[in-house]
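Numbering (our numbering), first residue to last: 1140 to 1281. Okay, structure first, notes after.
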Amino acid sequence: MPSQNIGRNFELENLSTEKNRDDNTVCKQILDSDPTIRVAAFIEGAEVTGYAETARTKNVLSQSIDLRKRIGFWSSIVTEMARQTDELFGRTESVLITHKGLKMVTIPLSGRRSLGLSLDRSADTEKIILKIMTKFDLAPTD
């Protein structure tokens, strides 16, 4: 059952963690779910399989295939590093890196698939992750 803290306008999207749907469409829906989300991207292995970005990001992902590759690689490395401690601390739920002007979050969804987010620095990361994971039914599969 979805958390009651999500809000009155909550609707479950029933989207699986598999790549069998249009990742770009889901990323756009994720982007539209909170104004502090700057970029949403699905990463399969080290490949960005779908993304959406706000106008204020200046379309950097859509204009640079090289940047998409680097972000996919970065996400896969960060997620794998975090998973190395799963036996000690439990399953990795998310990885957060805070930069001067933004936050970058990677959320493992399966052994090879993750969701990457770029958020405003002021974003309530925990609240956004909970909302996205619940609304879009993105529970990890492993």
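In this text, a Cβ means the ideal position worked out from N, Cα and C, and glycines have one as well.
- Pairing Gly1184 with Ser1215 gives a Cβ-Cβ distance under 8 Å.
- Take Ile1267, set aside five residues on each side of it, and the residues of its chain with a beta-carbon closer than 6 Å to its own are Asp1173, in chain order.
- The C-alpha of Val1187 is placed about 10 Å away from the C-alpha of Asn1163.
- By the CB criterion at 8 Å, Thr1218 and Val1234 fall inside the cutoff.
- Taking the C-beta atoms as reference points, Gly1211 is found no nearer than 8 Å to Ile1236.
- DSSP places Thr1164 in the uninterrupted alpha helix (DSSP H) bounded by 1162 to 1171.
- When the Cα atoms are used, Ile1169 and Arg1195 turn out to be separated by approximately 16 Å.
- Taking C-beta separations shorter than 7 Å and ignoring five residues to either side along the sequence, the partners of Ala1262 in its chain run Thr1175, Lys1242, following chain order.
- Here Leu1256 is near Ala1179, since their CB atoms are less than 8 Å apart.
- Per DSSP, the unbroken alpha helix (DSSP H) holding Phe1212 starts and ends at 1204 to 1222.
- Looking at the DSSP output, Phe1181 bridges to Gly1189, Leu1254.
- Straight-line spacing of the CA atoms in Asp1225 and Arg1251 works out to 15 Å.
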